[in-house]
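**Student:** Protein chains in written order, with the numbering used here: chain Y, 2 to 275; chain A, 70 to 340; chain G, 21 to 377.
1) Any idea if residue 243 of chain A is buried or exposed, counting beta-carbon neighbours within 10 angstroms, 16 or more meaning buried?
2) For residue 95 of chain A versus residue 101 of chain Y, is the C-beta distance shorter than 8 Å?
3) Look up residue 282 of chain G in the DSSP assignment and say whether it is helix, strand or coil.
4) Pick helix, strand or coil for residue 31 of chain G, following the three-state DSSP scheme.
5) Mind checking which residues open and close the beta strand (DSSP E) that includes residue 46 of chain G?
6) Leaving aside the five residues before and after residue 326 of chain A along the sequence, list all residues of the same chain whose C-beta is less than 8 Å from its C-beta, in chain order.
7) Measure the CB-CB distance between residue 102 of chain G and residue 227 of chain G and report whether it falls below 8 Å.
8) State the DSSP-derived secondary structure class of residue 223 of chain G, mapped to helix, strand or coil.
9) Determine, for residue 283 of chain A, whether the minimum Cβ-Cβ distance to residues of chain G falls below 8 Å.
10) Residues of chain A with CB under 7 Å from residue 102 of chain Y, in chain order?
11) Starting from residue 141 of chain A, follow the alpha helix (DSSP H) in both directions and report where the run begins and ends.
12) Residues in the same chain with beta-carbon distance under 7 Å from residue 85 of chain Y, minus the five sequence neighbours each way, listed in chain order, please.
13) How would you list, in chain order, the residues of chain G whose beta-carbon sits under 7 Å from the beta-carbon of residue 177 of chain Y?
14) Check whether chain A comes within 8 Å of residue 3 of chain Y, counting only Cβ atoms and requiring the distance to be less than that.
15) Run through DSSP, which three-state label would residue 292 of chain G get?
16) Tell me the residue span of the alpha helix (DSSP H) that contains residue 148 of chain Y.
17) Against chain A, does residue 82 of chain Y count as a neighbour if the rule is that its beta carbon must be under 8 Å from one of theirs?
18) Taking the beta strand (DSSP E) that residue 334 of chain G belongs to, which residues open and close that run?
19) Which residues, taken in chain order from the stretch 104-116 of chain G, show a beta carbon closer than 7 Å to some beta carbon of chain Y?
20) So that I know if they touch, is there some Cβ in chain G lying closer than 8 Å to that of residue 229 of chain A?
21) Identify whether residue 285 of chain A lies in helix, strand or coil by the three-state DSSP scheme.
22) Restricting to Cα atoms, I'd like to know which of A:303, A:142, A:196 and A:300 is closest to residue 224 of chain A.
23) Residue ranges of each beta strand (DSSP E) run of no fewer than 3 residues wholly in the stretch 113-200 of chain G, ordered along the chain?
24) Taking the alpha-carbon positions, what's the residue 25 of chain Y to residue 186 of chain A distance?
25) Quick check on residue 267 of chain A: buried or exposed, where buried means 16 or more other Cβ atoms within 10 Å of its Cβ?
26) Comparing C-alpha positions only, which one of A:262, A:176, A:132 and A:89 sits nearest to residue 339 of chain A?
27) Using a Cβ-Cβ cutoff of less than 8 Å, which residues in the same chain neighbour residue 45 of chain G once the five nearest sequence positions on both sides are dropped?
28) Report back the beta-carbon spacing between residue 141 of chain Y and residue 118 of chain Y to the nearest angstrom; my notes put them in contact at under 8 Å.
29) Kindly list, in the order they appear in chain G, the residues whose Cβ is closer than 9 Å to that of residue 140 of chain Y.
30) Label residue 131 of chain Y either buried or exposed according to how many other C-beta atoms from any shown protein chain fall within 10 Å of its C-beta, with 16 as the threshold for buried.
31) Do you know how far the Cα of residue 369 of chain G is from the Cα of residue 353 of chain G?
32) With a cut-off of 8 Å on the beta carbons, I'd call residue 101 of chain A and residue 116 of chain Y a contact; round off their distance for me.
33) Does the beta-carbon of residue 134 of chain A have 16 or more other beta-carbons within 10 angstroms, so that it is buried, or is it exposed?
34) Since residue 33 of chain G and residue 93 of chain G should fall inside the 8 Å C-beta cutoff, what is the C-beta to C-beta distance between them, to a whole number of angstroms?
35) Tell me whether the beta-carbon of residue 100 of chain G lies closer than 8 Å to the beta-carbon of residue 76 of chain G.
36) Quick check on the burial criterion: 16 or more other C-beta atoms within 10 angstroms. Buried or exposed for residue 338 of chain G?
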C-alpha cells in the first residue's frame, strides 16, 4: 500500500473533511445515546434495562440472533462450497437468488412472509388446523431475520475459497480422505476467520433488524417484541430515557462487533498472505 | 457415457441443502408475492400504484435516496482516498469505524439522529439559528440515508484504490499532467466502476430503508412519507393488496438499479 | 506388437471435451513398469488434463485406463494407489511438514509408530531431516518440492504423477532438482509420468517423451529419437530452435521437392571463416555475418545468405568472427514439411549424401 507523505495542505484538508464527516455522522449519535441514557442517573438507567419487558425483549433478540446465525452458518458453508467447488448448470441462477435478499427492502421481506403464511395464504387452513402460528409470532420473526441475513456468511466465504483454490483438497482426496476429513482438516482452517467474520456481520444485522421484524411481530409486549421493537415502543411512549438506555446496550454490542470485525479482518488478511 | 464422478465430495449434499433452503426461504415467499398480486385486476393495480399520495412517496424516496447516495459518493471517495493514501494519527480508528452503520441497529440510529437534529438539541439548534430544520424534513431523511449508505461506497472504492499502483500517477506526472489532471484523467476512470458499484449498492439499500428513516421523517403525507412507510401503513390497515402492488413497483425499481449497475460493471470489465 | 508383459499403465482412446475445447482427443499410450515418462507440449495442449484423468481428478468422456492390467475408471481417485505432485505442490498450509507427509498414512489408519518410522524414512530420503516441525511457508521452493514428493510417496503408490514439477522453482535450483528427482525416482524404482512445457527438462529427465498438441499425441519415443527424427510438422517446429528457410535457394538441396517448406536448426549449420578449411566446397554458400551475440557457452551468429537470415552457433574456443565478415556457410540437413502439411522428411546435403554413398 502506497502511503504518500504529502506536505501540501490538501492532505490535511481532506483528512479534516473526512474526520468532521465521520464524527458528525457516526460518533455524535453514539455519544448522544449514551449521554441521554445516563441523563437521569444510573438508577434510572438500571431500572429501564431491568424492566421485565426489557429483559424479555433482550431474551428474544438473543434467541433470534442465535438461531439465525446457526441457520445461516449451515447455509453459508454449504452454499460457498457449492458455488466455489463445482461447475454445474444453474449455478448462476443459484448465486443470483442467494444475493436477492440484499436488494429487497426489509419491509417487503416481511410482507412476503405475511403473504406466505398469513390469513390469505393457501396453506393458512392447514396451519390453523394444526395450531401452528407463524405470523405475529416468534417463528415469523426468525424466518424474516434469516431471510434478511441469508447471504451474509456465504458472501464472506466465497472470495476466500476462490482465492485458495482446490488443489489442497484434491491432494487430500487423492490420499483417500473423505469429505468430512477434507472439510475439517484442510478447508476449514483456511476459512475460519472469514467464517467468524461472516458470523459477526450476521449477528449484527440479526440483532438490529427492524423493518422486516416489525411487519411480522404483531408487537406483543413480552412475547414478540425484539429489542429494536421495544425501543420503538418506548420512544413512541415518550420514555426517552428507557429508549436510549436500551439503545445503549445495542450500541455497546455494535462497538464490540466493530472491534471483533477489525480483529478478524486483520487475521483473515494475514492468513491469505501466507 | 459413464456417470460423472467428482473428486471433491459433497456436491449432492450441498446442492440439496442449498436449493432446499433457497426454495423454502426465498423462492416460495417471493412467488407468493407474485401469486398474490395476480388477485389484483390491472385497473386496481394501476389505481393503487398511481395514487397521488403513493406517487409523492416515490418522489420523496427517490429524491432523498439519490441525494444521499450522491453525497456518499463524494464523501466516500474522499474518505477512501484519505485512508489509502495518507498516514496520520487515528487512521486505524477511522478505518475501523466505517462499518458502524452495519453494526448499529437502524432503529437506534434513527432515534438518535432524530433527537440530535430536532431544533432544541445539539446539531438541530445550530441549524435552527439559520432557519434550517433537519428533523421531520427531507433533509432529515437524507441525513439518515447518508448514515446508512456511507460504508457501501468507502468499502467498494478502498480495495481498488489500494491496488492502483502509484506509478500510475507518477507516469501521468512525468508526462506533464497536473495533480488535478492526473486525478480526473487517470485515477477517476480507474475507480469509476467501483464508485458506481458503491453508489448503486447504497442507492438500492436507501430506497428500501425503513428503520432509521421512520423516526426522523415525520411521515407527513406528500412531504416526508417514503414508500416503505406507505407499505407498512397499508399492512397495518390489513390492505394486503395495496401493499403488494406497491411492493412490486419497489422491487422492479430495485432490480432496475441493479441492472444498470450490472451494465456498467460489464462494460468496465470488457475494457 | 509391443511387449505387453512389461506394460504397467495403459490409456486407450481417452477423450475429454471442456465446453468447446478438446483437451484430450483419442489419446492412447502405454507406460512400462519403472520408466519415467515426460508428457511434453505447449500450454493448452492437453497434457495436464491427461495426467488429471489418470489420477482420477477428472473423468474422461470416453476411453479406458488400465493400471497393472485392471480398468480403473470406476475406482475413485483416493483408491487408485497413485501419488500426485501438484504444480504448486498444494502442500497443506496449515499443517507442518510432518503432518503433511503423515496425512495419507493417518487417513489409511496406519499405527502411530509406523507413521513415525515412515515419515522419518521419507524425510531422510528427500534430505530434509530436522525440518519436520516447519510450516510450508517457512520452506524454500526447492524444499517444498521435496516435501510434496515425500508426501506423494508416503503411502507407497505404484505410480507417481508430477504436474510441471519444476515450474515454480528458480531457474538456478531447477537444474539441480532435475538431477535429484531423476536419481530419486531410479532409487525408489517407481513408474512415473511428469508433465512439462520445457523441452530441455523433458529431454534431460525422461526415458520416453510423449509430445502432445491440441489434445492429440504428436509423437512418442526416446528423447534422442524424438529430437533427431521429428515425424510431424508440429514436432519439427516445437523442438530445438527451428528457423524456416527457402531451401530451393541452397545448392545442397536443389534436388529436393520445391513445393515443400523447409526448417533448419542452428546445430545443423556450420559457419567457417574464409581462411578455415572448407570440406564441401560444392555445396558451401557464402554469407555475411550481421550479428554476433554472446550466449554464455556459445556464440550465436546471425548470417545472411541469399537474403535469408540464418542462426548458427560457434564454439567459444574457435577464432572469433566479427560482424560484417564474409564467411562460408554449410547446411548439413533440413526438415522438409510436405505440401499437405502432414509429412516430414529429412533432407541431407547433397555432398554429404554422395560421401556416404
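The beta carbon of each residue, even a glycine, is placed where N, CA and C say it ideally should be.
**Tutor:** Taking the definition as stated:
1) Numbered from 1 along the second chain, position 174 holds the residue referred to as residue 243 of chain A. Exposed, because fewer than 16 other Cβ atoms sit within 10 Å of the Cβ of residue 243 of chain A.
2) Here residue 95 of chain A corresponds to residue number 26 of the second chain, with the count starting at 1. Here residue 101 of chain Y corresponds to residue number 100 of the first chain, with the count starting at 1. A distance below 8 Å separates the beta carbons of residue 95 of chain A and residue 101 of chain Y.
3) One-based indexing of the third chain puts residue 282 of chain G at position 262. In the structure shown, the three-state DSSP call for residue 282 of chain G is strand.
4) Numbered from its first residue, the third chain carries residue 31 of chain G at position 11. Residue state, collapsed to three classes: strand.
5) The count along the third chain starts at 1 and reaches residue 46 of chain G at position 26. Run containing residue 46 of chain G: 41-52, per the beta strand (DSSP E) assignment.
6) The sequence position of residue 326 of chain A within the second chain is 257, counting from 1. If you ignore the 5 residues before and after residue 326 of chain A, its C-beta comes within less than 8 Å of the C-beta of 269, 272, 273 and 276, all in its own chain and listed in chain order.
7) On the third chain, position 82 is the one that residue 102 of chain G refers to. On the third chain, position 207 is the one that residue 227 of chain G refers to. No; because the gap between Cβ atoms is not below 8 Å, this pair is not in contact.
8) Within the third chain, residue 223 of chain G is the residue found at index 203, counting from 1. Assigned with DSSP and collapsed to three states, residue 223 of chain G falls in helix.
9) For the purposes of this step, residue 283 of chain A is identified with residue 214 of the second chain, where counting begins at 1. False, the Cβ-Cβ gap to chain G never drops below 8 Å.
10) Numbered from its first residue, the first chain carries residue 102 of chain Y at position 101. 95, listed in chain order.
11) Within the second chain, the letter at position 72 stands for residue 141 of chain A. For residue 141 of chain A, the uninterrupted alpha helix (DSSP H) run begins and ends at 121-154, by DSSP.
12) Within the first chain, residue 85 of chain Y is the residue found at index 84, counting from 1. So the qualifying residues of the chain are 159, 162 and 163.
13) Mapped onto the first chain, residue 177 of chain Y falls at position 176. What residue 177 of chain Y touches in chain G: 98, 99, 124, 127 and 128.
14) On the first chain, residue 3 of chain Y is found 2 positions in, with the first residue counted as 1. Caution applies to residue 3 of chain Y, whose pLDDT of 42 falls short of 50 and renders its modelled position unreliable; the model cannot decide the point.
15) Here the question's residue 292 of chain G lines up with position 272 in the third chain. Residue 292 of chain G: strand per DSSP, three-state reduction.
16) In the first chain, counting from the first residue as 1, residue 148 of chain Y sits at position 147. Looking at the DSSP string, the run of the alpha helix (DSSP H) that includes residue 148 of chain Y is 139-150.
17) Residue 82 of chain Y sits at position 81 when you count from the first residue of the first chain. Chain A places a beta carbon closer than 8 Å to that of residue 82 of chain Y, counting this residue as a contact.
18) In the third chain, counting from the first residue as 1, residue 334 of chain G sits at position 314. 328-335 is the span of the beta strand (DSSP E), which, as asked, contains residue 334 of chain G.
19) Correct list: 104, 106, 108, 110, 112, 113 and 114.
20) In the second chain, residue 229 of chain A corresponds to position 160, counting from 1. It does not: the Cβ of residue 229 of chain A has no partner Cβ on chain G nearer than 8 Å.
21) In the second chain, residue 285 of chain A corresponds to position 216, counting from 1. Here residue 285 of chain A sits in helix by DSSP.
22) Position 155 of the second chain, counting from 1, holds the residue named residue 224 of chain A. When only C-alpha atoms are compared, the closest one is A:142.
23) Counting only runs of at least 3 residues, the stretch 113-200 of chain G fully encloses the following beta strand (DSSP E) elements, listed from N- to C-terminal order: 179-183.
24) For the purposes of this step, residue 25 of chain Y is taken as the residue at position 24 of the first chain. For the purposes of this step, residue 186 of chain A is taken as the residue at position 117 of the second chain. Distance between the alpha carbons of residue 25 of chain Y and residue 186 of chain A is about 11 Å.
25) Numbered from 1 along the second chain, position 198 holds the residue referred to as residue 267 of chain A. Classification for residue 267 of chain A: buried.
26) Taking the first residue of the second chain as 1, we reach residue 339 of chain A at position 270. Closest by alpha carbon: A:262.
27) Counted from its first residue, the third chain places residue 45 of chain G at position 25. Listed in chain order, the non-local C-beta contacts of residue 45 of chain G below 8 Å within the same chain comprise 35, 66, 234, 235 and 236, local neighbours out to five positions each way being set aside.
28) Numbered from 1 along the first chain, position 140 holds the residue referred to as residue 141 of chain Y. Numbered from 1 along the first chain, position 117 holds the residue referred to as residue 118 of chain Y. Cβ atoms of residue 141 of chain Y and residue 118 of chain Y come within 8 Å of each other, at about 7 Å.
29) For the purposes of this step, residue 140 of chain Y is taken as the residue at position 139 of the first chain. Result: empty, since nearest Cβ-Cβ is about 40 Å, beyond 9 Å.
30) Taking the first residue of the first chain as 1, we reach residue 131 of chain Y at position 130. So residue 131 of chain Y counts as exposed.
31) Taking the third chain and counting its residues from 1, one reaches residue 353 of chain G at position 333. Taking the third chain and counting its residues from 1, one reaches residue 369 of chain G at position 349. Near 6 Å, if we compare the C-alpha coordinates of residue 369 of chain G and residue 353 of chain G.
32) Along the second chain, read from residue 1 onward, the residue named residue 101 of chain A stands at position 32. Along the first chain, read from residue 1 onward, the residue named residue 116 of chain Y stands at position 115. In this structure residue 101 of chain A touches residue 116 of chain Y by the C-beta definition: roughly 5 Å separates them, less than 8 Å.
33) Position 65 of the second chain, counted from the first residue, corresponds to residue 134 of chain A. Using a 10 angstroms sphere on the CB of residue 134 of chain A, the tally of other CB atoms reaches 16 or more, which defines it as buried.
34) Here residue 33 of chain G is taken as the residue at index 13 of the third chain, counted from 1. Here residue 93 of chain G is taken as the residue at index 73 of the third chain, counted from 1. Actually they are not in contact, since the Cβ atoms of residue 33 of chain G and residue 93 of chain G sit about 12 Å apart, beyond 8 Å.
35) Stepping through the third chain from its first residue, residue 100 of chain G is reached at position 80. Stepping through the third chain from its first residue, residue 76 of chain G is reached at position 56. Yes; because the gap between Cβ atoms is below 8 Å, this pair is in contact.
36) Translated into positions along the third chain, residue 338 of chain G becomes position 318. Label assigned to residue 338 of chain G: exposed.
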